[in-house]
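Quick notes on the structure that follows.
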């Protein structure tokens with residue numbers, strides 16, 4: 001018993017809140033994915049496109065974090081997806097408690113997947129677990145293929161790295177192969193995909209990955225419910 | 001006397017260290033500029049280009065902050081400029097004390113200007129004064145023209161906002177006019193310039209601004225020295 005107590009104390013307050021979120025997601029069969037990237041890497045565009053393509057196939061919800069403005073939530077709401085904007089008022093990342101506070105605004109029983117769009121910052125959000133099942137980091141081609149080495153925290157804690165804006169790669173020095181190689185140096189288990197929301201290139205693989213993970217989660221919840229748990 | 005004491009206490013430890021840096025810069029006639037931006041907005045490329053264009057006209061020094069890697073310092077050193085890399089090991093911004101510790105590596109008496117390339121992060125560095133005379137925020141066109149509204153702290157505390165990578169603007173939805181307008185909503189006194197290091201467009205205005213500010217500082221120091229202060 002004392003071991004458990006000590007372990008509990010070793011968990012940060014944020015991690016405790018994150019585990020509470022995770023339990024809530026699991027109870028309702030909601031798969032949660034946390035998107036982390038620098039400002040302007042294309043998180044919102046990716047969500048808009050994902051919502052359009054999976055419309056009628058999965059019930060999505062979106063939670064958006066920003067220092068200021070409701071711009072992103074307004075953009076996403078136009079795609080018919082339930083969305084809430086968290087304005088951090090200067091804070092550089094989302095934390096698990098705030099995410100938990102906002103979950104009451106969603107009908108979790110109806111959702112298959114919740115996408116969290118974190119504050120645009122490739123540093124601080126990496127240190128805060130929100131209870132997500134999967135974490136996806138985005139690096140856009142204009143940022144440069146060296147970025148995984150320079151921001152190892154985000155890459156190391158991610159399940160997937162998405163190279164975005166591949167349509168701009170021809171106008172930059174960006175090499176997809178080099179970026180992938182740099183990322184795998186940091187995290188050898190990482191899944192790496194490259195895509196362009198604008199041209200549609202590579203989008204199918206992302207949607208397939210997304211639907212597979214959201215679907216798996218849904219199935220697991222249904223099977224758990226069937227067992228009367 | 002008590003008023004001064006209280007005022008001193010109200011200054012944060014970081015601000016006290018920043019003022020010490022500022023005094024050191026002023027004593028040696030060094031103009032210091034702090035570059036703040038998201039990852040991949042083109043800070044290092046701008047420094048490389050500035051060093052090349054002002055070579056033989058101004059003596060530059062560069063202090064580079066990154067979570068990991070010495071890549072940027074190596075790139076800049078190849079342009080014949082004294083440079084030091086601060087590896088923050090995960091910290092999301094430079095602070096005045098660390099900058100102060102690294103100043104001993106420069107021959108300040110010889111320098112006209114010190115460029116600080118902050119950690120790639122448009123949020124946290126904005127809250128830490130390093131003792132610089134001028135602060136410059138960079139927003140690259142692929143990031144989107146809404147970014148000044150979403151990252152007001154960086155814009156509000158800057159003297160100049162540089163819109164970078166204008167060569168990529170035709171391939172995005174970016175509007176220079178809209179970005180400028182958004183920035184001026186946050187900080188009406190802001191100087192806004194747009195440029196592309198790759199094409200050279202707009203670089204002259206930046207170099208002129210830079211040289212004017214570095215030169216002014218130099219002249220002021222020389223005139224102070226002539227007065228025997």
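Chains as they are written, first to last, in full-length UniProt numbering: chain S, 1 to 229; chain P, 1 to 229. Where a beta carbon is used, it is the ideal one built from N, C-alpha and C, also for glycine.
Of the other Cβ atoms in all chains shown, 16 or more fall within 10 Å of the Cβ of residue 46 of chain S; this residue is therefore buried.
Within chain S, the residues placing a beta-carbon under 8 angstroms from that of residue 66 of chain P are 150, ordered along the chain. Taking CB atoms only, residue 69 of chain S has a neighbour in chain P less than 8 angstroms away. Chain-ordered, the chain S residues with CB closer than 7 angstroms to the CB of residue 143 of chain P read 39, 40. Any Cβ of chain S closer than 8 angstroms to the Cβ of residue 171 of chain P would place that residue at the interface, and such an atom is present. Contacts between residue 146 of chain S and chain P, judged by CB atoms closer than 7 angstroms, involve 71 in chain order. At a cut-off of 8 angstroms between beta carbons, residue 121 of chain S contacts chain P. Excluding sequence positions up to five before and after residue 40 of chain P, its CB lies within less than 8 angstroms of the CB of 120, 140, all in the same chain and listed in chain order.
The DSSP-derived three-state label of residue 118 of chain P is coil. Only exposed fits residue 208 of chain S, as fewer than 16 other CB atoms lie within 10 angstroms of its CB.
For the alpha helix (DSSP H) assignment, the uninterrupted runs of no fewer than 4 residues enclosed by the segment 3 to 74 of chain S are, from N- to C-terminal side, 13 to 27, 43 to 54. For chain P, the residues of the segment 88 to 105 of chain S that bring a beta carbon within less than 8 angstroms of one of its beta carbons are 90, 92, in chain order. The residue among S/183, S/96, S/203, S/28 with its C-alpha nearest the C-alpha of residue 53 of chain S is S/203. Within chain S, the residues 92, 121, 123, 124 have their CB atoms less than 9 angstroms from the CB of residue 124 of chain P, given in chain order. With respect to chain P, the C-beta atom of residue 165 of chain S has a partner C-beta closer than 8 angstroms.
With at least 16 other beta carbons inside 10 angstroms of its own, residue 117 of chain P counts as buried.
Taking one beta carbon from each stretch, the segment 153 to 172 of chain P and the segment 26 to 44 of chain P have 3 or more pairs nearer than 8 angstroms; the two touch.
Shortest Cα-Cα distance from residue 152 of chain S to any of S/196, S/134, S/131, S/179 involves S/179. Residues of the same chain with a CB within less than 6 angstroms of the CB of residue 108 of chain P, apart from the 5 flanking positions on each side, are 28, 30 in chain order.
Residue 153 of chain S belongs to the set of residues whose beta carbon lies under 8 angstroms from a beta carbon in chain P. Residue-level contact by beta carbon fails for residue 108 of chain P and chain S, as no gap is shorter than 8 angstroms. Within chain P, the residues placing a beta-carbon under 9 angstroms from that of residue 140 of chain S are 40, 142, 143, ordered along the chain. The C-beta separation of residue 100 of chain P from residue 67 of chain P comes to about 20 angstroms, leaving the pair out of contact by the 8 angstroms criterion. Residue 46 of chain P is outside the set of residues whose beta carbon lies under 8 angstroms from a beta carbon in chain S.
Closest option to residue 13 of chain S, judged by alpha-carbon separation, among S/193, S/168, S/96: S/96. Against residue 168 of chain S, the close residues of chain P are 142, 168, 171, 172, in the order they occur along the chain (beta-carbon pairs closer than 9 angstroms).
In this structure residue 146 of chain S is not in contact with residue 17 of chain P, their Cβ atoms being roughly 30 angstroms apart against a cut-off of 8 angstroms. Annotated as distal: residue 186 of chain P and residue 213 of chain P, with beta-carbon spacing of 8 angstroms or more. In this chain, residue 134 of chain S is not harboured by any alpha helix (DSSP H); it is covered by the beta strand (DSSP E) spanning 134 to 140. The alpha-carbon separation between residue 81 of chain S and residue 114 of chain S amounts to approximately 10 angstroms. When beta bridges are read from the DSSP output, residue 123 of chain P appears opposite no residue.
Rounded to whole angstroms, residue 217 of chain S and residue 175 of chain S show a C-alpha spacing of 34 angstroms. When the beta-carbon positions are compared, residue 63 of chain S and residue 102 of chain S come within less than 8 angstroms of each other.
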